[in-house]
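Numbering (this note's numbering), first residue to last: 17 to 267. By construction, the Cβ of each residue, glycine as well, lies at the ideal position given by its N, Cα and C atoms. The structure displayed is predicted, hence computed values, not measured ones. This report concerns only the one structure given below.
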Ligand SMILES: Cc1cc2nc3c(=O)[nH]c(=O)nc-3n(C[C@H](O)[C@H](O)[C@H](O)COP(=O)(O)OP(=O)(O)OC[C@H]3O[C@@H](n4cnc5c(N)ncnc54)[C@H](O)[C@@H]3O)c2cc1C
Ligand code: FES
């Protein structure tokens, strides 16, 4: 079905990350979980997967980083324009008994993660957020608004926070807090996810990742998102436990 864009925000100084607020007739009452995704269709251009960055009964938000033709077209849409929507698809992150949760976000990988502390009020969250430079950081004020959330920032060039990779800062945070975490949740580039997996093994902390894949149908039919025996759109995109080693080997 078509959803209408009812608001639009630029999220970062470089103006490369934009949030579109969509009217929410399509998923009303569906209880979309953080980590699930929608297929967004621009007629005549293409159809691509995007996570839900915020959901309520009245609206749904997606946050898009400009990387190529489709994302450029999408962030150039204006208020009252329509886009085709299918979904929600896939599995979301699973949070239940865990008390202390470490969230590692690389670049636009923060999009599906920022709403987690807004939904799960009984948990404490430590976010480690990384980007190439200060101008690409986004959602920092949104994260700071949560009483249950601490934030650590890394930039590759040192223009804000820790200078270096988000995974190096992640390991420092684990050591500095005497490894108090029950769970790590991570979303970002595959190189980052592989390193977070190593860290989770080293410190014996459960891990959930959102995996990357090229998607066409989004619903387990076309096979374009296959990672060995798994279809990321249907069996994921969130993977955990014994499946992590297998999936990451195919990325
Ligand atoms: C489950 C899921 C959720 C996603 N959620 C978001 C989101 O919330 N916000 C967001 O901005 N993006 C998200 N993406 C990625 C988004 O779908 C791609 O950035 C988009 O399809 C790129 O299209 P394009 O035509 O602009 O760029 P293209 O020209 O297709 O690609 C530009 C560059 O990005 C790489 N790329 C494209 N698609 C992917 C992909 N799926 N995985 C890894 N690399 C890719 C290409 O190799 C190329 O280097 C998500 C992807 C998945 C699988
Ligand atoms: S995108 Fe078609 S099977 Fe996953």
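- Residue 27 has its CB no nearer than 8 Å to any heavy atom of ligand 1.
- Across the set 50, 39, 62 and 138, the C-alpha of 62 shows the shortest separation from the C-alpha of residue 232.
- Between residue 160 and residue 29, the C-beta gap is not smaller than 9 Å, which leaves the two residues out of contact.
- With a cutoff of 9 Å on beta-carbon distance, residue 153 and residue 50 are scored as not near each other.
- For residue 133, the enclosing alpha helix (DSSP H) starts and ends at 132-135.
- Cα atoms of residue 83 and residue 91: separation of roughly 11 Å, rounded to the nearest angstrom.
- For residue 76, the enclosing beta strand (DSSP E) has its first and last residue at 75-81.
- If you check the CB distance, residue 20 and residue 73 do not come in under 9 Å.
- In this structure residue 137 is exposed. Its beta-carbon is surrounded by fewer than 16 other beta-carbon atoms within 10 angstroms.
- Here residue 110 is exposed: its Cβ has fewer than 16 other Cβ atoms, across all protein chains shown, within 10 Å.
- A straight line joining the alpha-carbon of residue 264 with that of residue 225 spans about 10 Å.
- With a cutoff of 9 Å on beta-carbon distance, residue 182 and residue 122 are scored as near each other.
- A distance of 9 Å or more separates the beta carbons of residue 120 and residue 193.
- Looking at the DSSP output, residue 98 sits in a beta bridge with 20.
- Pairing residue 267 with residue 209 gives a Cβ-Cβ distance under 9 Å.
- Ranked by how close their Cα comes to the Cα of residue 52, the residues 60, 64, 142 and 68 have 68 in first place.
- Taken in chain order, the complete beta strand (DSSP E) segments of 3 residues or longer contained in the stretch 161-203 are 165-171 and 199-203.
- Excluding its 5 nearest sequence neighbours in each direction, residue 108 has C-beta neighbours in its own chain below 8 Å: 48, 49, 50, 51, 52 and 254, listed in chain order.
- Beta-bridge partners assigned by DSSP to residue 32: none are found.
- The C-alpha of residue 89 is placed about 33 Å away from the C-alpha of residue 162.
- Beta-bridge partners of residue 25 (DSSP): 35.
- Residue 140 has 116 as its beta-bridge partners, per DSSP.
- Residue 61 sits in coil when the DSSP states are folded into three classes, being neither helix nor strand.
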